[in-house]
Every structure is written in structure tokens, then in C-alpha cells.
């Protein structure tokens with residue numbers, strides 16, 4: 082046991098402050114003062130792996146942009162093109178990014194939503210509709226399930242607008258807010274938005290992100306196509322904390338933007354590194370701020386299987 086650790090037990094630990102020059106010049110020199118440690122508290126800092134191994138569940142939600150700026154799905158120029166080959170830019174992004182996320186999910190269940198389209202039977206614009214049109218159970222089984230739901234959904238909806246991010250962000254934030262009622266770091270939420278980058282409710286989106294920064298939640302935005310993504314870069318907040326419309330500063334940076342076209346021909350590892358670059362640090366930062374420990378503080382080598390839709 083060191084003298085510093087002894088300070089946590091009973092008597093204070095004391096350390097002489099020595100000035101080497103004075104010690105050389107003065108024969109009777111003892112010290113230039115004494116530091117007395119009356120109390121020392123050792124606090125464990127958990128890593129991302131500590132939280133995951135300790136039972137923290139990461140819940141992924143997928144949101145897909147069905148707004149008119151993506152182009153008519155009947156046109157080969159559309160990012161949502163209904164191609165005879167069964168491939169378009171959104172499908173490529175869903176497959177690639179979904180496979181990255183799928184590697185972190187035990188039973189591969191993802192709630193998947195669309196936004197910005199007119200949907201049957203009333204043809205009203207919805208900014209938060211399940212891809213499988215089942216509000217009671219919006220979960221899709223693995224990346225294949227999300228792809229299948231997208232393919233079935235696309236011909237049934239009418240691409241419209243506006244492009245509002247805030248409804249789906251607030252939807253996931255409701256679940257993240259419920260997780261705050263738990264006494265340990267047991268739940269964390271990640272919203273994956275796949276979009277062409279045109280956004281119309283910037284002020285509301287800024288407010289939603291600033292509010293979500295105080296919750297166990299992160300947002301990954303995948304930009305498809307070649308549009309101007311300056312708005313997405315702005316939301317990313319790497320150059321400074323995002324502020325709400327009223328000037329309120331985000332508690333932490335929770336947005337990661339990834340321009341998909343830069344990774345279409347790159348190895349899977351490069352996309353995976355970019356997509357998940359900031360989530361581990363964001364998770365650890367949040368739980369450290371909230372002083373929440375993993376459900377199991379000293380996890381064993383073989384953690385129990387995780388519930389649906391979680392890492």
C-alpha cells in the first residue's frame with residue numbers, strides 16, 4: 082500500500098516539497114513546505130468494453146429518407162431507383178452500413194422507419210412510419226429484414242417532403258429518456274439516419290439534438306448521393322458544440338456524419354471504422370458524466386446473451 086492510499090485509511094499522508102537548488106546550497110535545508118493529503122478517493126473509470134461486457138445494451142434504430150429530393154424512383158437518376166437489378170444507392174448504403182451494425186447485435190433485430198413520404202391509405206405525409214407498416218412491431222430481422230421491408234415499402238409510398246429530421250430524433254429520444262430512470266448504465270440508443278442531405282427543419286433538428294445530448298443516445302447520419310452535405314457537417318459538431326435555436330449548448334457531441342460515396346469502393350473495415358468512430362467515446366462520456374456504472378461492475382469472461390435489437 083502506498084502512502085497516498087494510506088490517506089484513505091486513517092492518518093493523512095504527507096509529502097515534502099523539495100527545491101533541489103536550495104538543498105544543494107543550504108546544509109540544513111529540509112523542505113520548502115509539506116503537502117498533506119487528508120482524503121484520497123480512488124474512482125474507477127470504465128471503458129466501452131467494460132460497459133458492454135457489464136450488460137449495457139445498445140439499441141439501434143434505422144431511419145430512411147423518402148423525400149422528393151431523392152428523385153422519382155422510376156428514374157435511373159433517382160437514389161431510390163427501382164432498378165431491374167434490384168440495386169440503388171439507398172440499398173447499397175443499407176447493406177453496407179447494416180452489415181457493420183449487425184456485427185454488434187446479438188439477435189439482429191432493428192426497428193426501421195421511413196420519413197418524408199405520403200403513405201397509404203390516407204396519403205398524408207409521415208415523418209415517422211414503420212417500413213413494414215406495422216406500428217405495433219416495427220422490428221426487422223437483420224440487415225436482410227431491413228432490405229426486404231425497404232423493397233416492399235418503396236413502391237407503396239409517394240416520395241414527398243419536407244425533409245424533417247426532428248420527429249424521428251424525438252421518437253428515439255423518448256426511449257432514451259425512459260432509460261434515464263434506471264440506476265445503472267443498462268441502455269444506450271443509436272439512431273442511424275440514411276439521407277440525401279437536404280434538410281428543411283434545421284432549427285427543430287438542432288433543438289432535438291441538443292436535447293438528446295443529455296440522454297443516453299447517439300446519431301449516425303449516412304449521406305447518400307452527391308448533394309451538398311454542409312448541413313450534415315454542421316450537425317456533426319466536431320468543430321464546436323452544437324447550439325439550439327435559443328442558444329443552448331449541447332452537453333456533448335452526439336452526431337457522426339459519414340458521406341457514403343467516399344466508402345463505396347473502400348474495404349468494409351474503412352466504412353466500419355468511420356461509422357462507429359465516435360459511438361464508443363460518446364457512450365463512455367455520457368455514463369461518466371451521469372456517474373452510472375455498468376449493471377455488472379466486474380463482468381466475467383462469458384457475458385449472458387443480449388436481448389433483441391441490442392449489441
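Numbering (our numbering), first residue to last: 82 to 392. Glycine included, every Cβ here is placed at the ideal spot set by N, Cα and C.
What is the residue span of the beta strand (DSSP E) that residue i lies within?
i           : result
residue 366 : Counting along the chain, residue 366 falls outside any beta strand (DSSP E), though it belongs to the alpha helix (DSSP H) covering 360-370.
residue 194 : 190-196
residue 95  : 94-97
residue 337 : 336-340
residue 298 : 298-304
residue 221 : 220-222
Report the residue from the options whose alpha carbon sits nearest the alpha carbon of residue i.
i           : options               : result
residue 150 : 266, 279 and 182      : 279
residue 208 : 343, 316, 193 and 220 : 193
residue 175 : 135, 226 and 198      : 226
residue 357 : 205, 292, 333 and 180 : 180
residue 408 : 305, 349, 359 and 307 : Lying outside 82 to 392, the shown extent of the chain, residue 408 is not represented and no answer is given.
residue 120 : 143, 133 and 93       : 93
residue 146 : 241, 233 and 297      : 241
residue 269 : 364, 96 and 170       : 364
residue 131 : 222, 210, 265 and 171 : 265
residue 102 : 95, 148 and 113       : 113
residue 201 : 189, 238 and 233      : 238
residue 315 : 296, 305, 335 and 297 : 335
residue 234 : 199, 370 and 309      : 199
residue 224 : 144, 367, 137 and 377 : 144
residue 312 : 203, 262, 284 and 296 : 284
residue 263 : 305, 376, 118 and 230 : 376
residue 308 : 97, 211, 349 and 343  : 343
residue 182 : 196, 306, 350 and 310 : 350
residue 154 : 142, 126, 172 and 244 : 172
residue 348 : 136, 243, 372 and 178 : 178
residue 273 : 267, 252 and 158      : 252
residue 247 : 108, 195, 354 and 98  : 195
residue 118 : 124, 277, 97 and 127  : 97
residue 160 : 218, 306 and 191      : 306
residue 333 : 346, 366 and 354      : 366
Using DSSP's beta-bridge definition, name the partner residues of residue i.
i           : result
residue 144 : 194 and 274
residue 211 : 194
residue 119 : DSSP lists no partner for residue 119.
residue 240 : 198
residue 206 : 199
residue 269 : 139
Tell me the DSSP secondary structure of residue i in three-state form.
i           : result
residue 110 : coil
residue 322 : coil
residue 129 : helix
residue 249 : helix
residue 171 : helix
residue 377 : coil
residue 345 : coil
residue 124 : coil
residue 259 : helix
residue 229 : helix
residue 280 : coil
residue 254 : helix
residue 158 : coil
residue 100 : coil
residue 179 : helix
residue 217 : coil
residue 382 : Low per-residue confidence applies at residue 382: pLDDT is 49, beneath 50, and the placement is therefore not dependable enough to give any value.
residue 166 : coil
residue 357 : coil
residue 150 : helix
residue 351 : helix
Counting along the chain, where does the alpha helix (DSSP H) carrying residue i start and finish?
i           : result
residue 50  : Only positions 82 to 392 of the chain appear in this structure, which leaves residue 50 out of reach.
residue 290 : 283-293
residue 315 : 311-317
State whether the segment 252-272 contacts the segment 163-177, with contact taken as three or more CB pairs (one from each stretch) at a distance under 8 Å. Counting C-beta pairs closer than 8 Å gives fewer than three between the segment 252-272 and the segment 163-177, which falls short of the contact rule.
Taking contact to mean at least 3 C-beta pairs separated by less than 8 Å, is the segment 331-347 in contact with the segment 295-310? yes
Inter-stretch contact (C-beta, 8 Å, three-pair minimum) for the segment 324-336 and the segment 281-297: Yes: the two stretches touch, three or more of their Cβ pairs being nearer than 8 Å.
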